Amino acid sequence: MKANMGVLTFPVSEPGTFLSTRAAGAQKRGELETLLRSASPADVLEIDFAGTEAMTHSFVDEFLGKLYVSLAAGDVHAGGVRLIGLNEETRESVAVCLERRKQFAVQGEDHTLLGDTNVMPDTYFQARQLRAFRAQELADALGISVTNANNRLKRLVQAGALSRERAPGPERGGKEFLYTLT
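When we follow my numbering, the leftmost residue of the sequence shown carries the number 1444, and every step to the right adds one.
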């Protein structure tokens, strides 16, 4: 694990490793959650799979699937989350796990979404084009309601693809947020 310019990197395994079993996934998730609770806050958490040859679905579900549940519940905190170092086989295992759980993640190298991405690719693409924006701007760009945009943005924030902070300006009966890419 190393921190660099707001980036916290968590190496999952050593080169040539085959990751299997729920117990191993739970142990690895525990290591990462302990790190997140003790480390200085970082803008981005990179989970690095470099060197991992393959992973079973049970390992991925126990490690990543449950990690994303903990992040969404606020049990552990990370800025944006990116998965890096995935090869074709490990990428497929991650995508299947996340799709089954109706979750998604950001692959760091090319900023693509993995997992249950039904309507999210267009939303995420537009967010990447806008870079910093409010929900109304995204809704206008996509031709959807602000409520729909807020629902999509909530999922992108939970997945660590975007960050949000309270937007400055006059109150108009509710909170307004500024969203930025992580």
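The beta carbon of each residue, even a glycine, is placed where N, CA and C say it ideally should be.
All values derive from a computational prediction rather than experimental measurement.
Looking only at C-alpha atoms, which of the options sits nearest to residue i?
| i | options | result |
| --- | --- | --- |
| residue 1465 | 1457, 1507, 1485 | 1507 |
| residue 1544 | 1552, 1571, 1574, 1500 | 1500 |
| residue 1529 | 1479, 1620, 1460 | 1460 |
| residue 1577 | 1548, 1546, 1611 | 1611 |
| residue 1569 | 1537, 1558, 1583 | 1583 |
| residue 1469 | 1585, 1453, 1509, 1487 | 1509 |
| residue 1496 | 1573, 1456, 1513 | 1456 |
| residue 1492 | 1533, 1521, 1478 | 1533 |
| residue 1619 | 1579, 1585, 1594 | 1579 |
| residue 1453 | 1522, 1575, 1489 | 1489 |
| residue 1581 | 1537, 1621, 1521 | 1621 |
| residue 1609 | 1575, 1594, 1478 | 1575 |
| residue 1521 | 1546, 1494, 1558, 1475 | 1475 |
| residue 1458 | 1589, 1494, 1594 | 1494 |
Would you say residue i and residue j are within 9 Å of each other, going by their C-beta atoms?
| i | j | result |
| --- | --- | --- |
| residue 1449 | residue 1485 | yes |
| residue 1539 | residue 1480 | no |
| residue 1623 | residue 1607 | yes |
| residue 1487 | residue 1514 | no |
| residue 1592 | residue 1566 | yes |
| residue 1686 | residue 1524 | With the chain running from 1444 to 1625 in the structure shown, residue 1686 is simply not present. |
Distance check for residue j and residue i, CA to CA, integer angstroms please.
| i | j | result |
| --- | --- | --- |
| residue 1535 | residue 1617 | 41 Å |
| residue 1549 | residue 1601 | 11 Å |
| residue 1482 | residue 1503 | 23 Å |
| residue 1541 | residue 1511 | 9 Å |
| residue 1498 | residue 1531 | 11 Å |
| residue 1505 | residue 1553 | 25 Å |
Under the assumption that residue i contacts residue j (Cβ atoms under 8 Å), give the Cβ distance between them as a whole number of angstroms.
| i | j | result |
| --- | --- | --- |
| residue 1551 | residue 1527 | 4 Å |
| residue 1605 | residue 1625 | 6 Å |
| residue 1573 | residue 1563 | With 8 Å as the limit, residue 1573 and residue 1563 do not qualify as a contact, their Cβ atoms being about 15 Å apart. |
Using beta carbons (cut-off 9 Å, strictly below), is residue i in contact with chain B?
| i | result |
| --- | --- |
| residue 1462 | Chain labels in this structure do not include chain B; a single protein chain is all it has. |
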